[in-house]
Structure formats: C-alpha cells, structure tokens
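Heads up, the thing below is written out as structure tokens.
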Amino acid sequence: MLYIFDLGNVIVDIDFNRVLGVWSDYSRVPLANLQKSFTMGEAFHQHERGELSDEAFARKLCEEMALPLSFEQFSAGWQAVFVALRPDVIDIMHKLREQGHSVVVLSNTNRLHTTYWPEQYPEIRAAADNIYLSQEMGLRKPEPAIYQQVLEQEGFRPSEAVFFDDNADNIKGAQQAGITSILVTGKETVPDYFAKLSC
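The numbering of the sequence shown is this note's numbering, which starts it at 30 and goes up by one.
This is how it looks when you write it as structure tokens:
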C-alpha cells in the first residue's frame, strides 16, 4: 500500500495565530485586525505553486494587510506557524515502512517554509520514502493532477493508496481521484485509524 500524509496538522502541529502574533508584535498592528485581514487568497496559492517568489509574496501580503514589515520580520513570523512534531504519527510512518508499505508526504507548502521545517524536524524526512511539495511540483492540493503525479511516481493505483489530510477540500480532491481519504480532525485521528486496522 501507499500511505500519503499531509504535513501541517497531520505530522506537525501548525497554528497561523502564532504567525499573526509575531507580525502584530513587530508592526504594532492589533492582532484582531490581522485576524480579520489575513486570507489564504490567490497570492497564497501562487506562492504554494512556486509561481510567486518569497519576496513578492511578502510584499503582496503586507500590502493586502497594511503591514509595515521588513522581509526579515515577515519571514520570522511566517516560520512561527510550526508548533511541534506529532511523534505518534512519525512512529506509525516508520512501522508502515518496516511492514513493506510505501510512505510519502504530500504538502501544500512554499520555499520559505522549506528553508525551515526540514532542519527543524529532520524526523519527517527520516520517516518518509519521498516528500512531494507543491511549490516544486507547480501544483497544489486539491488539484487532481497533484494526486495523479504522486501515484504515477510511486507506481500505485488509486485503490492501493490511503491519504491523510486536515483539509476537507483536499480530502474531496483525493477521493475524486479514487484514493481512500481520511480527514484528520485531531491528534488522535491517525493513531485511531491504524489501531482499528490492527484489531
């Protein structure tokens, strides 16, 4: 089987309020204002597909949110999204590989984040056969082509894959591609799924 894991809130806890908190501290713009103005709009999507540079993305978001930040301040806040690794999931990934399954990560991410989390959490790369990142593929979930590309690269049919993600749209996209898909709603979702399998 091929097991496909999303990154944020599946393998690593993330919290965008931490990002906004850092930006608020630097800019003195009230956190409540930033929470209202922050959206994952087209610039966000273009950045995740690798179509927008980090600097251009920072400028665009700062303009949209009226944020007087330097690129360094923007970056410091952007990296604050990562909270902590989920060791239970890392353990499961290792066990699956020991059992002969293929394990990959498929993440909508951006170059700024990939300069941070692989060094911060080397356990992720150690637990996966391959890591597929949206900005390297020029595609992002839930676009059907991103799932097809992973299946083709790994040599599996959709019926031989299971996908874990915390975003309902991404789950729908994978289901439309014929992949068994599990919506991760909390830290217990992935461990519970495999506990039931072994019953």
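All C-beta atoms, glycine included, are put in the ideal place defined by N, C-alpha and C.
Three or more beta-carbon pairs separated by less than 8 Å link the stretch 39-49 to the stretch 101-112, which places the two stretches in contact. Where Y222 is concerned, the enclosing alpha helix (DSSP H) starts and stops at T218 to L226. With contacts defined by Cβ atoms closer than 8 Å, A85 and M122 do not form a contacting pair. In the DSSP assignment, D117 falls within the unbroken alpha helix (DSSP H) covering P116 to E127. Taken through DSSP and simplified to helix, strand or coil, Y150 comes out as coil.
Looking at the DSSP output, G37 bridges to V41. Taking C-beta atoms as the reference points, V112 and D44 count as a pair closer than 8 Å. D120 has its alpha-carbon roughly 11 Å from the corresponding atom of E127. A Cβ-Cβ distance of about 15 Å is found for the pair P187 and I211, leaving them out of contact under the 8 Å criterion.
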